[in-house]
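First comes the structure, then the notes that go with it.
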Amino acid sequence: MDDLFAFDGADELLQCWREGLTPDPALTVSEWADRHRFLSPRASAEPGRYRTDRTPYMRAIVDALSPSHPARRVVFMKAAQVGATEAGNNWIGYVIHHAPGPMLSVQPTVELAKRFSRQRIDPLIAESPSLRERVKPARSRDAGNTVLSKEFPAGLLVITGANSAVGLRSMPARYLFLDEVDAYPPSADEEGDPVALAEARTRTFSWRSKVFMTSTPTIHGISRIEREYEASDQRRFFVPCPHCAHRQWLRFERLKWDKGRPATAHYLCEACDGAIEEHHKTAMLIAGEWRPTAETSDPATIGFHLSALYSPVGWLSWEAIARMWEAATTDEARRSFKNGVLGETWIETGEAPDWQRLYERREDFAVGTVPAGGLFLTAGADVQKDRIEVSVWAWGRGLTSWLVEHIVIVGGPEHAEAWAELSALLDRTWPHAHGQRLGLAKLGIDTGYEAPAVYAWARQAGFAQVAPVKGVEGFNRAAPVVGPSYVDVTEGGRKLRRGARLWTVAVATFKSETYRFLRLGRPTEDSEAEPSRQWRGVSPPNAEGAQYPAGYVHLPKGTEAEWVKQLVAEQLVTVKTRRGFQRLEWQKLRERNEVLDCRVYARAAAWIAGVDRWSEGTWRDLEAQVAANDGESGAMPETDDASAVLDSSETPSAGFLRRERRPRGRRVFTPSYLS
Numbered sequence: 006m007d008d009l010f011a012f013d014g015a016d017e018l019l020q021c022w023r024e025g026l027t028p029d030p031a032l033t034v035s036e037w038a039d040r041h042r043f044l045s046p047r048a049s050a051e052p053g054r055y056r057t058d059r060t061p062y063m064r065a066i067v068d069a070l071s072p073s074h075p076a077r078r079v080v081f082m083k084a085a086q087v088g089a090t091e092a093g094n095n096w097i098g099y100v101i102h103h104a105p106g107p108m109l110s111v112q113p114t115v116e117l118a119k120r121f122s123r124q125r126i127d128p129l130i131a132e133s134p135s136l137r138e139r140v141k142p143a144r145s146r147d148a149g150n151t152v153l154s155k156e157f158p159a160g161l162l163v164i165t166g167a168n169s170a171v172g173l174r175s176m177p178a179r180y181l182f183l184d185e186v187d188a189y190p191p192s193a194d195e196e197g198d199p200v201a202l203a204e205a206r207t208r209t210f211s212w213r214s215k216v217f218m219t220s221t222p223t224i225h226g227i228s229r230i231e232r233e234y235e236a237s238d239q240r241r242f243f244v245p246c247p248h249c250a251h252r253q254w255l256r257f258e259r260l261k262w263d264k265g266r267p268a269t270a271h272y273l274c275e276a277c278d279g280a281i282e283e284h285h286k287t288a289m290l291i292a293g294e295w296r297p298t299a300e301t302s303d304p305a306t307i308g309f310h311l312s313a314l315y316s317p318v319g320w321l322s323w324e325a326i327a328r329m330w331e332a333a334t335t336d337e338a339r340r341s342f343k344n345g346v347l348g349e350t351w352i353e354t355g356e357a358p359d360w361q362r363l364y365e366r367r368e369d370f371a372v373g374t375v376p377a378g379g380l381f382l383t384a385g386a387d388v389q390k391d392r393i394e395v396s397v398w399a400w401g402r403g404l405t406s407w408l409v410e411h412i413v414i415v416g417g418p419e420h421a422e423a424w425a426e427l428s429a430l431l432d433r434t435w436p437h438a439h440g441q442r443l444g445l446a447k448l449g450i451d452t453g454y455e456a457p458a459v460y461a462w463a464r465q466a467g468f469a470q471v472a473p474v475k476g477v478e479g480f481n482r483a484a485p486v487v488g489p490s491y492v493d494v495t496e497g498g499r500k501l502r503r504g505a506r507l508w509t510v511a512v513a514t515f516k517s518e519t520y521r522f523l524r525l526g527r528p529t530e531d532s533e534a535e536p537s538r539q540w541r542g543v544s545p546p547n548a549e550g551a552q553y554p555a556g557y558v559h560l561p562k563g564t565e566a567e568w569v570k571q572l573v574a575e576q577l578v579t580v581k582t583r584r585g586f587q588r589l590e591w592q593k594l595r596e597r598n599e600v601l602d603c604r605v606y607a608r609a610a611a612w613i614a615g616v617d618r619w620s621e622g623t624w625r626d627l628e629a630q631v632a633a634n635d636g637e638s639g640a641m642p643e644t645d646d647a648s649a650v651l652d653s654s655e656t657p658s659a660g661f662l663r664r665e666r667r668p669r670g671r672r673v674f675t676p677s678y679l680s
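Using the working numbering, the letters of the sequence shown map in sequence onto residues 6 to 680.
This is the structure we're talking about:
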C-alpha cells in the first residue's frame, strides 16, 4: 500500500482528495461577507475588509437570503444610503462563491445596469480573491465575462434593466435581485409589469428560489415597495434605550431639537423621555433586533423597514437630519426628505383647493391682458361635441402663471366655422403691461374626441405652433410629456415623418402640480417690503413689488365663479384594484372640468416649448423682449372687458421663443480606410 503512493506529489494529491471530500462550511451570507468580502476604494467610502458589525441591522436581512433560511421573498423598504445595495452585492458574491446558480439582477434601466456592473460588480470581483478566481477576466477570449453577463462555475449572473422585456425573460433564475423597484417603469416594452415578468423567471426553481426586493419608496398608493412591504410581516428594528433599556423602533417624531439649532438634536425615549444622544447609537444598534409588527398571509415573504435615523455614527447624523428638515420648505423638498431620509412614502395632497378662496384672491388686472411678469403665452384646447374651449396662460420665471383669457368657440368638430375661429386664435395677439403684444408660442389641443378632425386641423395650422396631445393616467413615468410620435402612415404602413405628430401627456402629474401651485399663499408683508430681484429689469407681478412664490397662479378680477369651480373640479383619491392593490386616481367632484383640462394642456404646451429646461439666457431674452420700448404705450386700461383692449390683430412684438445658438466646432470626416 505504501508503494502505491511512493511518488513525488503524492502528499499534495492526498490533500486535494481530502479537501474534495470535506463539505463546504455552512456559512450565512453575513458570515461569508465578513470572511471573504473586501471593499474597493472605487465603490466605498470605507475601503478594506467588509464588517457587518458596521451596520448591524443588515445582518438579519442578508442572512434571510441564505439557502438555509425558509423565506423565499425578502422585501426591504428603506432610506437612501443605509447599505441595501451592498447587501445585495454580498448576496451576489455569496452566490458566485458558495451557492452557485443562475442569478438575475435588475436595475431600473439598461444604462443603470451597465453602470452598476462597472461601479459595483467589477470592484466586488476584483477586490475579493475568492471571487476573482471564479470569474475569468473580461480581457480573455470567450471568457463569458461581459458588462451585463458574468459566468462562473455552475452559475451565471445576468444584469439587465427593468425597461428591457427581452432581458427580463432571457433565462430562468434561481436568485433574483430587484434593486430600486420604485424607479422601474410601469411596463417593460409594453409587455407588463417588470417585477411580475422578473419573478416569473424563478418559478422553475419553486421553493429553492430567492427574491430580494429593495427600494427607496416614492408616492403612497403607487409605490411598489410599499405595497410589497405592507403585504409582509412588516419588521421594524427595535433598539434599547441606554437609560431604561426599553426597546423601541425609531420615529422621526421623537427626534427633538431647539428651533434653528440642529446641533442640539437628540432622541426622546418613548418610555422614560430620557434624552438619547448620537454617541449612544453604536451600542443601541449592536443590541438591536428585528421584530414583526404585522401578520402576513404568506409566511414565505418577510419585510424590513429602516430609516436614516439608524445610520451608524460617522454616516448621516441626527444633527444633519434636523438641518435637512429645517431646510425643507417646499413640497418637493419635504417629499425628498420623507422618501430618502425616513424611507416612507409621500402622500399627495390631492384634495381640491377651496374654490371660494381662489375666487376671493383674484387680482386687479383685466381679462385679455398680460401682466408684467408674463413673458410668453401658451394655450390649451379641449374639444367637445358642441364646442371647443381654450384657455390662454402667460408664463414667467419659476412657472409662475397668469390666466389671460378663457374662450369658448361654439360648434363641434364637424363645423368648419369652429376650426376657422380656432385658426384665427393662432394669429391673435394680447397686450402686455409694458406695451408690447404677445402671440401664442404653442397651443396644445386634446385628441381624445374626434382625433382625425384634430389631426387634420393641426396639419393645416402647422406643427410649429400646434401640438396635438393625448392624456394618459399614472404617475410612474420617465417624463410628464413623451414624444412626438408620428401617427400618419402611407398605404404601405410606413410612418410619415412630415405627417401628424402626437405628444403623450401624463395628466396626473400636471394636475398634481397645478393643485400644488394653487395652494401657494400670497406674499406676506415682509416679502412685500422689497421688490423681487428675479425679474431683472421687468416690473414685478404687482405694483407693490410683492414677491410671489415660484409657481403662483394669478387670476384676473374678471374671472367668473363657474370657471374657478371647474379649475378645481377633481380630487386625487386612493382606490383599490381588482387584485387588492392601491393606486392613485383623479376623480371628478363636478360634471364640468374643461377648465382644468385646458390648464393641463397649456402646461404641456409650455413643457413642449422647453420651459422646464431653459437656460438663463433664454429667460433674459424674453424679459428683454417685453421690456423693449417700455412705457411708450402707457398703462393698460383698467377694465374687465377684453374687447376694450387694443386691436388684437396687431403683429406680435414680444414673447418669441428663439432657439439658442450654440457654438459648433469644425467637423472633420475621416474616411474609414484611413482609420
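All residues carry an ideal CB built from backbone N, CA and C; glycine is no exception.
- From the listed residues A513, V631 and A15, the smallest Cα separation to I224 is found for A513.
- A distance below 6 Å between beta-carbons, with the five flanking residues on each side excluded, links V395 to the following residues of its chain, in chain order: A384, A386 and I412.
- The beta carbon of W462 sits closer than 6 Å to those of W424, all from its chain and outside the five residues before and after it, given in chain order.
- Of the candidates D16, L19 and K475, the residue whose Cα lies closest to the Cα of A609 is K475.
- As for any alpha helix (DSSP H) of minimum length 4 sitting wholly inside the segment 165–222, the runs are 170–173 and 199–204, ordered along the chain.
- Contact between W212 and R77 holds, with the beta-carbon distance rounding to 7 Å and staying under 8 Å.
- Within a 10 Å sphere around the beta-carbon of T151 sit fewer than 16 other beta-carbons, which makes this residue exposed.
- Burial of V409 is indicated by the presence of at least 16 other C-beta atoms within 10 angstroms of its C-beta.
- The three-state secondary structure of A31, taken from DSSP, is coil.
- CA-CA distance, L589 to V569, rounds to 24 Å.
- Taking every protein chain shown into account, the CB of C603 has 16 or more other CB atoms within 10 angstroms, so this residue is buried.
- S35 is a Cβ neighbour of T57, given a cutoff of 8 Å.
- In chain order, T434, R442, L443 and G444 place their CB closer than 7 Å to the CB of P657, counting only its own chain and leaving out the 5 sequence neighbours on each side.
- The DSSP-derived three-state label of A104 is coil.
- With contact defined as three or more Cβ pairs closer than 8 Å, the segment 167–183 and the segment 100–111 are in contact.
- According to the DSSP assignment, K570 belongs to the alpha helix (DSSP H) that extends over A566 to L572.
- Note: Y491 is bridge-paired with R506 in the DSSP secondary-structure output.
- For Y454, no beta strand (DSSP E) run applies, since DSSP gives it neither H nor E.
- By the criterion of at least three beta-carbon pairs nearer than 8 Å, the segment 556–564 is in contact with the segment 362–371.
- The beta carbon of L382 sits closer than 8 Å to those of V375, V397, W398, A399, W400, V409, W435, L443, G444, L445, A446 and G660, all from its chain and outside the five residues before and after it, given in chain order.
- The C-beta distance from P128 to R47 rounds to 5 Å, short enough to fall under 8 Å.
- Contact check for V486 and V510: beta-carbon distance about 5 Å, within the 8 Å limit, so the pair qualifies.
- Our two residues, R595 and T114, have alpha carbons roughly 40 Å apart in a direct line.
- C-alpha of P52 to C-alpha of E368: approximately 60 Å in a straight line.
- Per DSSP, the continuous alpha helix (DSSP H) segment holding I66 begins and ends at M63 to D68.
- Contact check for I227 against L162 fails: the beta carbons are separated by 8 Å or more.
- Annotation note: the segment 276–350 contains the following uninterrupted beta strand (DSSP E) runs of length 3 or greater, listed N- to C-terminal: 294–297 and 306–311.
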